[in-house]
Structure formats: structure tokens, C-alpha cells
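**Student:** Numbered continuously in our numbering, the sequence shown closes out at residue 657. All residues carry an ideal CB built from backbone N, CA and C; glycine is no exception. From a predicted model like this one, the values you see are computed outputs, not experimental measurements.
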Amino acid sequence: MFGLMVDEGIGFDEVSNFYSEVGGFEASLRIREMGNMLNDNFNILEELENLDIDEEDVEPFEIPSWTSERGGKVLVNVDSFGAVGDGVSDDTEAFRKAWDTACSTPKSVFLVPPGRSYLVNATKFKGPCADRLVVQIDGTIVAPAEPENWDPNLPRLWLDFSKLQGVAFQGNGVIDGSGRKWWASSCKKNKTNALTIESSSSIKVKGLTIQNSQQMNFVISKSDSVRIYGVQVSCPGDSPNTDGIHITGSTNVVLQDCKIGTGDDCVSIVNGSSAIKMKRIYCGPGHGVSIGSLGKDNSTAIVTKVVLDTAFLRETTNGVRIKTWQGGSGYVRGVRFENVRMEDVANPIIIDQFYCDSPKACQNQTSAVQISQIMYRNISGTTKSKEAMKFACSDTVPCSNIVLSNVNLERKDGTTAETYCNSAQGFNYGVVHPSADCLSSHDKAPILINQVESAEHIEPSKDHIVHTEL
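1) L500 and G471: beta carbons closer than 9 Å?
2) Taking DSSP as the reference, what is the three-state secondary structure of L382?
3) Have a look at C586 and F297 and give me their C-alpha separation to the nearest angstrom.
4) So, under 8 Å CB-CB, F681 and I566 are touching, yes? Tell me the CB distance rounded to an integer number of Å.
5) Find the nearest neighbour of T583 within the set Q612, R303, G475 and Y563, judged by alpha-carbon distance.
6) What do you get for K547, buried or exposed, if any count of 16 or more other CB atoms within 10 angstroms of its CB means buried?
7) Once DSSP output is grouped into helix, strand and coil, what is the label at L344?
8) Among all the DSSP beta bridges, which residues are the ones paired with Q352?
9) Is it buried or exposed, E717, if we count other Cβ atoms within 10 angstroms and call 16 or more buried?
10) What residues are listed by DSSP as bridge partners for P282?
11) Along the chain, where does the beta strand (DSSP E) that runs through K510 open and close?
12) So, V413 versus L395, is the Cβ gap smaller than 9 Å?
13) Whole angstroms are fine: how far does the CA of C453 sit from the CA of A270?
14) By a C-beta neighbour count over all protein chains shown, 10 Å radius and 16 as the cutoff for buried, is T327 buried or exposed?
15) Over the uninterrupted beta strand (DSSP E) stretch that includes K311, give me the two end residues.
16) Based on the DSSP secondary-structure assignment, which residues constitute the bridge partners of K577?
17) Taking the straight line between their C-alpha atoms, what separation do you get for R303 and F282?
18) If you draw a straight line from the alpha carbon of V245 to that of I384, how long is it in whole angstroms?
19) Apart from the five residues just before and just after D430, which ones in its own chain have a Cβ nearer than 7 Å to its Cβ?
20) Just to confirm my understanding: we take I447, look at its own chain, exclude 5 residues before and 5 after, and list those with CB closer than 6 Å. What are they?
21) Given a cut-off of 9 Å on the beta-carbon distance, is the pair K494 and V522 in contact?
22) Based on Cα-Cα distance, which residue from M465, R598 and T504 lies nearest to G473?
23) CB D411 to CB S389, shorter than 9 Å?
24) Compare the C-alpha of K409 against each of Q398, S386 and T606 and name the closest.
25) DSSP three-state label for K409, please.
26) Quick check: the Cα distance between D273 and V329, rounded to an integer number of angstroms?
27) With a threshold of 6 Å on Cβ separation, who are the neighbours of F348 within its own chain once the five nearest residues in sequence on each side are excluded?
28) Enumerate in chain order the residues of its own chain whose CB-to-CB distance from Y607 is below 8 Å, with the five nearest sequence positions on each side excluded.
29) How is K368 classed by DSSP in three states: helix, strand or coil?
30) Can you find the residues in the same chain that come closer than 6 Å, C-beta to C-beta, to N485, ignoring five residues on each side of it along the sequence?
31) For P339, count neighbouring Cβ atoms within 10 angstroms of its own Cβ and tell me buried if that reaches 16, exposed if not.
32) Is it a yes or a no for the stretch 592-601 touching the stretch 548-561, going by three-plus beta-carbon pairs under 8 Å?
33) Measuring only the C-alpha atoms, how far is N359 from I536?
34) Taking only runs that begin and end inside the stretch 392-479, name each unbroken beta strand (DSSP E) of 3 or more residues, in chain order.
35) Give me, in chain order, the residues of the same chain whose beta-carbon lies closer than 6 Å to that of K393; leave out the 5 immediate sequence neighbours on both sides.
36) Using only CA atoms, which one of L382, L344, R343 and K350 lies nearest to V361?
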């Protein structure tokens, strides 16, 4: 971890006083300004380095046997409530009845048994439920393939779990959204999401596969303390709007050891989300790992404390991205992307404050979501884009305190990669390739020093600035 320390032996006050005596008041002010900027750098780095999310054990407890009652568990098998499991018969009512029983019974297991395929229409699985409920999915749950057969009263929901506390979802089963005919009409309006967990807390999800969603695959909404472990998400790379895991209005969420391939963002984090940690994430195909979009229709959006630690992205259309619309307000603050390897990725590092996902051109507006305290560390790989790093920030609300440390991105075809900046302020530590000298803030400090040295023909000691490992 790189930082700046000011040696107590020769501080900025002493240097400033020296310049004041021999070089005038203006030089003294410039040295003080540089000292303040370096100390600010140190403070910002310290804040970002300490930015981490408590990571609890994400392993849900295992259930030892599937007898009707074993180890204190009560088995509630959907087959016992009339489910056929042939993939053709409508098993929705059997699932509803089984849920009502499991939800009201302490220490119960809602079981979708292996080796069968259950056709289930849009269903709400509501809580609150009795203590220590386990949802064990070992079979396959499939959605109706025809959009016209969808319940018009539930246009955006397929499997919706709400108002739960302390529930574990686990198993080796598959949730299949049968989305192919939905994809043919790529408009987002009235398209359903596959699995939603909302207004819930202390939730664990382990081992499930979610695939072929009509739109978003897995949504975490208005929830707290969610642990997602070993989940796989799979959709074709050309399936529109099929975000892998979408987090909205939620706090204290950990995604770990997940493999995601979609036609949209592998992970998307939007308004009202805080304390989000992603660890050991595989992404591809897809649009990368995104914060946003935020600020659409002049809305206010806030996202804070986000960490991505250890990820591999392959052949995605973006790497790590923050995207906001013009005209929004609010802020994105305290984000760290680190230990990320990319292979043939377009736009590996991108902040886009001119995002416009609209058939019409978006109107230029002066207000914007403020982006600050963003760290990119230990990021390497190859890109198909000329601009390996792009910081396209608002002219009126610039990005601030962008930190780059040990970044090495090369063009796959061997040509030179570049960095683009617009209204972006920050600084670099360690190796940064391609160069990010276009960041507008602290690269000015050495220029001020050089100007003073040239004017006064004096070389002050540089011992007061020490680069060190924190």
C-alpha cells in the first residue's frame, strides 16, 4: 500500500518559512499549498485503504437428511402438495401451498427435489416466516416460455421472495427464466426479473444456478445483510438487459465466488446501496461490473462503500464502470476496485457521466451525480479499446480524488493504449500504464516547485517527502 509521509525532521512549515525568507511570500504560499495537497492525498488514501466490508461466514448450514423429520428439521416437499414436476403441468399452486406450510412451521425445509422440472408462473413468496427456514432447490424451476401467458398483475416479477429474516436459500438446482422469446422484444417495459429477494434481512444464498432470465437474473432490493456464495448466472452474451446480480437500495451485501455471464452488467449496483463487497468474481460475457446507471430523469442517487476484491473479466464490453446520467444529483463515494485481471476487455476502467441509454439524444444538463474517492489498484490485462482508461466527468461537477495504483493495461493488438480525462482530478502511485497524467490535480504540484526553483535558483532538500509502505 502506497502513501505519502511527511518527515517530522523537515516539515512543510520549515520549507515554507525558508522560501518566505529567500524567495518571497508567493513562493511560501505555493509550498504550503503543495504540503496541504500531499497531506490530503495521505488522508484520502488512508480512507480508501480502510474501506472494507465485514465478511461473515457465507456458508449456510447443511441439512443432513431428507427424511420427513431429521436433525430437528421438518421437510416440506412440493411433491407432497401436488406438484407434478414434468416441466409441462402448472405446479404454481402446489408451490404456493408448500410455501404457506413451510413459512408457518419453525425449522422447516421448503424442498424442490432433484431430477424434476417444475413449471411455475409468477408467484410471490411472502414472509415473515417462522425461524430457521431453508429453501432447498435441487430440481429445476422453469418459467412459462410464452410472454402472452404471463400474469398481467405481476408484470415485473417471476419468483419474488419478500419480508424474510434469517432464511437460507441453497442447493444445486436451476432457476430457468425461459427468456428467449422475451429477448426478441428487447424493450425493458414490463419485462420480468427471474429471482427477487426484497425487504429482507440476514439472507444467505448458496450454490444456485440462475439462467435465461427474461430480464434481470437476480435482484436484491431494499434488503440488509445478504450473503451470496457460489452462485452461477448464465445468459447468452446477446440477451438484452439481463443483468446478472442487481443490487438496489440494499446495505451490507457480500457476493463471493460467483461466476456470471450475461448480456448486460455482470453486477450492477444502483441507488441507495452501501457497504457492498464483491470477492472472487468471474465475469464474461457481459458489460462488466457497474455502479449505475444513476441520476436518470434528474433523480437523486447515492452509492457508498463498494469494494471489488479479486475478479477476472473476459471479453466484456466494459471492465469496472461508474455510469451516471446528466441532470442527476447525489454522489458516489468511497469505492475500491482491486486485484482485477482482464482479458480482451473493452473500456477496462471507465467513469461515464454522459451515459445515455435512450433511442433519442440526451439533453446537455449542468447538474450531475458527484463522484469522489475512487481507487483502482492492482489492475492488469489486455484491452481491445484504444482508451484503456476513460474518466469522462461532468464539466460542472468534476470527479475528484481518483487514485490509481499499480495499473497495467495493454492493447491486445500491441498498439499503444491511452487514457482520456475530462474534468477528472486525482493522483497515481506505483506503476500506472498507460500514463494517467491527464488527471488534473496533483500533477500541478511539481510544476509549482519547479517554477519556484527556477525563479530563486535554490534547490531545497527533498528528504521531507518519503514514499513508504503503509
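**Tutor:** By the coordinates alone:
1) The answer is yes: Cβ separation under 9 Å.
2) Secondary structure at L382: strand, using DSSP grouped into helix, strand and coil.
3) Looking at the two C-alpha atoms, the distance is approximately 48 Å.
4) Residue numbering for the chain in the displayed model covers 188 to 657; residue 681 lies beyond these limits and cannot be assessed.
5) When only C-alpha atoms are compared, the closest one is Q612.
6) K547 is exposed by the Cβ-count criterion.
7) Of the three classes helix, strand and coil, the one that applies to L344 here is strand, per DSSP.
8) Under DSSP, Q352 takes part in a beta bridge, and its partners are S388.
9) Nothing can be reported for residue 717: it is not among the residues displayed for the chain, which extend from 188 to 657.
10) According to the sequence shown, residue 282 is Phe rather than Pro. Note: F282 is not bridge-paired with any residue in the DSSP secondary-structure output.
11) Element bounds for K510: V507 to T511.
12) Going by beta carbons, V413 and L395 fall outside the 9 Å limit.
13) Rounded to the nearest angstrom, the two C-alpha atoms are 33 Å apart.
14) The residue is buried, with at least 16 neighbouring Cβ atoms inside 10 Å.
15) Segment T310 to K313, the beta strand (DSSP E) holding K311.
16) I537 and Y607, per the DSSP bridge assignment.
17) Taking the straight line from one Cα to the other gives about 14 Å.
18) Confidence is the limiting factor: at V245 the pLDDT is only 49, short of 50, which leaves the residue's position unreliable, though a coordinate-based value still follows. If you take the alpha carbons of V245 and I384, they lie about 17 Å apart.
19) M403, N404, T449, D451, D452 and S455.
20) Closer than 6 Å at Cβ, skipping near neighbours: V420, G431, C453 and C470.
21) A quick correction: the sequence has Val, not Lys, at residue 494. Closer than 9 Å, so yes.
22) When only C-alpha atoms are compared, the closest one is T504.
23) At a Cβ-Cβ threshold of 9 Å, D411 and S389 count as neighbours.
24) When only C-alpha atoms are compared, the closest one is S386.
25) Look at K409 here: in three-state DSSP terms it is coil, with no helix or strand label.
26) Straight-line Cα distance between these residues: approximately 10 Å.
27) Here the set comprises F312 and I384.
28) Contacts found: E574, M576, K577, F578, A579 and C625.
29) Helix at K368.
30) If we look at N485 and ignore the five residues flanking it on each side, its Cβ neighbours are G514.
31) Counting of Cβ neighbours within 10 angstroms places P339 among the exposed residues, the total staying below 16.
32) At 8 Å Cβ cutoff, the stretches do not touch.
33) Going from the Cα of N359 to the Cα of I536 covers about 34 Å.
34) The DSSP assignment places complete beta strand (DSSP E) segments of no fewer than 3 residues inside the stretch 392-479 at 396-398, 405-408, 411-416, 419-421, 432-435, 438-448, 454-456 and 460-470, in order along the chain.
35) P247, Q357, Y416 and G417, listed in sequence order.
36) Looking from the CA of V361, the closest CA among L382, L344, R343 and K350 belongs to L382.
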